[in-house]
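**Student:** Sequential numbering from 51 applies to the sequence shown in the working numbering.
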Amino acid sequence: MNLVIQGASLTPDPLGELVAMVQANHVVTLGPGAYRLTGAREVPEVEPWCAQRQLDFAWVPDERRLEDVRLVAMDMDSTLVTIESIDEMGGMLGIKDRIAAITAKAMRGEIDYPESLRERVALLEGLEEQALEHICEERMALSPGAESLVLRCRNQGIRTLLVSGGFNFFTAWLQQRLGIDDALSNVLEIRDGRLTGRMLGGIVDGSAKAQKLREEIAHLGIDARQAVAIGDGANDIPMMAIAGVSVAYRAKPVVREHATHALDHAQLDGVLNLFL
């Protein structure tokens with residue numbers, strides 16, 4: 051078994067203690083703050099050791115190879131980017147806190163996602179389309195490692211998919227900026243340069259995300275085990291259940307429970323360190 055340890059502040063110095071704990075036979079440097087301990091023995095002491103030092107850890111089987119991965123599907127808000135775009139839209143109207151409170155409940159799975167989205171979008175009626183451009187240009191901050199993740203996937207021949215319960219204005223902007231292969235998101239109705247408070251077409255909820263992932267898997271003619279899903283909210287759980295490997299990134303507790311691995315400290319491209 052391989053033990054992957056990651057964290058922004060991790061240096062080789064404390065690894066000796068961990069190597070002895072798991073009786074590893076070799077340490078491989080994966081990058082800044084990332085190491086793989088090969089031939090490691092799974093012991094429960096690893097979790098509190100890492101928690102005390104704010105490090106992520108993952109038990110990675112020998113047969114899990116990056117060369118076998120063909121598809122990486124990722125959420126947008128609070129995953130690929132650091133913001134919740136709909137909350138920022140609310141901020142342009144002075145109601146960010148009100149919308150953010152609804153968003154937080156939806157992401158924790160406490161309220162129905164489609165209904166919560168309709169409620170939030172209705173509150174945005176009258177917002178100018180130019181405000182969306184402002185959010186892209188001034189507030190759409192990529193998560194650390196996001197650009198590297200997409201680039202490394204491209205170099206490995208891995209197809210990338212952005213699946214979001216957010217809006218097409220933002221996913222299209224990110225798709226063009228990063229070179230993401232495909233995207234699925236909600237479509238805002240805009241008339242005379244302003245939001246109407248409604249959406250066009252079906253709502254992209256957890257079921258829609260999962261269905262899109264199934265379609266991509268079928269289109270590529272691959273096994274679901276060759277797909278990776280990354281997300282942070284309750285509406286990401288259905289697609290995580292399909293993928294061979296799922297990663298909860300800075301995620302809500304309910305999401306962590308359903309994911310193969312969790313990254314709370316490493317950058318987003320740390321996902322690729324979970325493969326040999």
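C-beta: ideal position from N, C-alpha, C; glycine also.
Since the model is a prediction, treat every value here as computed from it, not as a measurement.
Based on DSSP bridge pairs, tell me the residues matched to residue 233.
**Tutor:** The residue you call residue 233 lines up with position 183 of the sequence shown. BP columns for residue 233 point to 212.
**Student:** Could you tell me the alpha carbon to alpha carbon distance between residue 58 and residue 250, rounded to whole angstroms?
**Tutor:** Sequence index remark: in the sequence shown, residue 58 carries index 8 (1-based). Sequence index remark: in the sequence shown, residue 250 carries index 200 (1-based). So the two alpha carbons sit approximately 42 Å from each other.
**Student:** Check whether the region 114–128 and the region 207–225 touch, using three or more Cβ-Cβ pairs below 8 Å as the test.
**Tutor:** Yes, they touch.
**Student:** Comparing C-alpha positions only, which one of 163, 77, 108 and 136 sits nearest to residue 8?
**Tutor:** In the structure as shown, the chain starts at 51 and stops at 326, and residue 8 therefore has no counterpart that could be examined.
**Student:** Pick out the complete alpha helix (DSSP H) segments inside the region 80–141, 4 residues or longer, and give them in chain order.
**Tutor:** Segments of the alpha helix (DSSP H) lying fully in the region 80–141: 96–102 and 135–141.
**Student:** Taking the continuous alpha helix (DSSP H) assigned at residue 205, which residues delimit it?
**Tutor:** If you number the sequence shown from 1, residue 205 lands on position 155. That run of the alpha helix (DSSP H) goes 196–205.
**Student:** Three-state secondary structure (DSSP) at residue 254?
**Tutor:** As a working note, residue 254 is residue 204 in the sequence shown. Correct three-state label for residue 254: coil.
**Student:** Where does the unbroken beta strand (DSSP E) through residue 281 begin, and where does it stop?
**Tutor:** Locating residue 281 in the sequence shown gives position 231, counting from the first residue. Segment 277–281, the beta strand (DSSP E) holding residue 281.
**Student:** Between the C-alpha atoms of residue 77 and residue 161, what's the straight-line distance to the nearest angstrom?
**Tutor:** By 1-based counting over the sequence shown, the position of residue 77 is 27. By 1-based counting over the sequence shown, the position of residue 161 is 111. Going from the Cα of residue 77 to the Cα of residue 161 covers about 45 Å.
**Student:** Could you round the C-beta distance between residue 256 and residue 288 to whole angstroms and report it? I think they count as a contact, below 8 Å.
**Tutor:** Against the sequence shown, residue 256 aligns to sequence position 206. Against the sequence shown, residue 288 aligns to sequence position 238. Residue 256 to residue 288, Cβ: 4 Å. Contact.
**Student:** Going straight from the alpha carbon of residue 271 to that of residue 282, what length do you get?
**Tutor:** For this step, residue 271 is matched to residue 221 along the sequence shown. For this step, residue 282 is matched to residue 232 along the sequence shown. About 27 Å.
**Student:** Apart from the five residues just before and just after residue 96, which ones in its own chain have a Cβ nearer than 8 Å to its Cβ?
**Tutor:** In the sequence shown, counting from the first residue as 1, residue 96 sits at position 46. Answer for residue 96: 53, 68, 71, 72 and 107, listed in chain order.
**Student:** Thinking C-alpha only, which one of 92, 315 and 259 is nearest residue 293?
**Tutor:** Within the sequence shown, the letter at position 243 stands for residue 293. Of the candidates 92, 315 and 259, the one whose C-alpha sits nearest the C-alpha of residue 293 is 259.
**Student:** Measuring straight from C-alpha to C-alpha, what distance separates residue 170 and residue 136?
**Tutor:** The residue given as residue 170 occupies position 120 in the sequence shown. The residue given as residue 136 occupies position 86 in the sequence shown. The alpha-carbon atoms of residue 170 and residue 136 are separated by roughly 8 Å.
**Student:** Between 148, 240 and 193, which has its C-alpha nearest residue 182's C-alpha?
**Tutor:** Reading the sequence shown from its first residue, position 132 is the one you call residue 182. Comparing Cα positions, the closest option is 240.
**Student:** Tell me whether residue 317 is buried or exposed, calling it buried when 16 or more other Cβ atoms sit within 10 Å of its Cβ.
**Tutor:** Here residue 317 corresponds to residue number 267 of the sequence shown, with the count starting at 1. Classification of residue 317: buried, given that the 10 Å Cβ count is 16 or more.
**Student:** Is it buried or exposed for residue 66, if we count other Cβ within 10 angstroms and need 16 for buried?
**Tutor:** Within the sequence shown, residue 66 is the residue found at index 16, counting from 1. Its Cβ having fewer than 16 others within 10 Å, residue 66 is exposed.
**Student:** For residue 132, which residues in the same chain have their Cβ closer than 7 Å to its Cβ, ignoring the five residues on either side in sequence?
**Tutor:** Position 82 of the sequence shown holds residue 132. Contacts found: 191 and 193.
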